[in-house]
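Trainee: Be aware that the sequence shown starts at 346, since it is given in my numbering, and climbs by one per residue. Where is the CB? At the ideal position from N, CA and C, for every residue including glycine. Bear in mind the structure is a predicted one, so any value in this text is a computation, not a measurement. Have a look at this one.
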Amino acid sequence: MKRSGAQIVVEALMKQGVEVIFGFPGGSVIPLYDVLYETNQIKHILTRHEQAAAHAADGYARATGKVGVCVATSGPGATNLVTGIATAFMDSIPMVALTGQVPTGMIGNDAFQEANITGITYSIVKHNYLVKDTRDLARILKEAFYLASTGRKGPVLVDLPKDVLTSKIEASYPKQVKMRSY
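Pasting the structure below:
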């Protein structure tokens, strides 16, 4: 059965045992919010600002020992996560930050609310991903949670272009992580 990228993201979060995410909705992540609305398994805590979402995910991870998850839209929404991500990095707190992005065909064209969030966060994350193909989504999310919670724990950012969230494919969630040199 074909599922949208947003459905794959939510299924991956559930398979990782995520019970709570913190975020602030915006244009490029609306497909993700539509799917979150349909599920009862993940509680979404609406913050008044994206920065609060990152700090809340950090606090949640510190209090529970689980990976904290935050979500923000593209451009300024994503950049508002930076201070919270940096805090998690400095204190080795496991976090996965999901950011929206303009459609893949518009990346690099100074599109409305486009920001190179992977470049901006390069020095304050264990790893970051710009998902360009929906077929890579399940694997990348599995890797993101693995990286955030193993070794020296820390934040991982997954940048999700809107077309990756809306396109439909057949996908399965990997049973294990296969990462070279890790």
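Distance, Cα to Cα, Thr495 vs Val501?
Mentor: In the sequence shown, the residue the question calls residue 495 occupies position 150. In the sequence shown, the residue the question calls residue 501 occupies position 156. Distance between the alpha carbons of Thr495 and Val501: 12 Å.
Trainee: Between the alpha carbons of Thr449 and Ser349, how many angstroms are there, rounded?
Mentor: One-based indexing of the sequence shown puts residue 449 at position 104. One-based indexing of the sequence shown puts residue 349 at position 4. One C-alpha to the other measures close to 16 Å.
Trainee: Using only CA atoms, which one of Ser373, Thr428, Lys471 and Leu358 lies nearest to Leu381?
Mentor: Within the sequence shown, residue 381 is the residue found at index 36, counting from 1. Comparing Cα-Cα distances from Leu381 to each of Ser373, Thr428, Lys471 and Leu358, the minimum goes to Leu358.
Trainee: Assuming Tyr518 and Glu356 are in contact, meaning their beta carbons sit under 8 Å apart, how far apart are those beta carbons, in whole angstroms?
Mentor: Within the sequence shown, residue 518 is the residue found at index 173, counting from 1. Within the sequence shown, residue 356 is the residue found at index 11, counting from 1. Rounded, the Cβ-Cβ distance is 7 Å, consistent with contact.
Trainee: Measure the CB-CB distance between Leu426 and Leu505 and report whether it falls below 8 Å.
Mentor: Along the sequence shown, read from residue 1 onward, the residue named residue 426 stands at position 81. Along the sequence shown, read from residue 1 onward, the residue named residue 505 stands at position 160. Cβ atoms of Leu426 and Leu505: not closer than 8 Å.
Trainee: How is the beta strand (DSSP E) around His472 delimited, first residue to last?
Mentor: What you label residue 472 is simply residue 127 of the sequence shown in a count that begins at 1. Its beta strand (DSSP E) spans residues His472 to Leu475.
Trainee: One question on the structure: do Pro376 and Lys507 come within less than 8 Å of each other, judged by their Cβ atoms?
Mentor: Position 31 of the sequence shown, counted from the first residue, corresponds to residue 376. Position 162 of the sequence shown, counted from the first residue, corresponds to residue 507. A contact, by the Cβ cut-off of 8 Å.
Trainee: Who are Gln446's beta bridge partners in DSSP?
Mentor: Stepping through the sequence shown from its first residue, residue 446 is reached at position 101. Gln446 is bridged to Pro506.
Trainee: Between Ile462 and the rest of its own chain, which residues show a CB-CB distance below 6 Å, the 5 nearest in sequence each way excluded?
Mentor: By 1-based counting over the sequence shown, the position of residue 462 is 117. Taken in chain order, the residues that qualify are Ala423, Thr444 and Asp504.
Trainee: Just reading off the beta strand (DSSP E) that Ala417 is part of, what are its end residues?
Mentor: The residue you call residue 417 lines up with position 72 of the sequence shown. Run containing Ala417: Gly413 to Ala417, per the beta strand (DSSP E) assignment.
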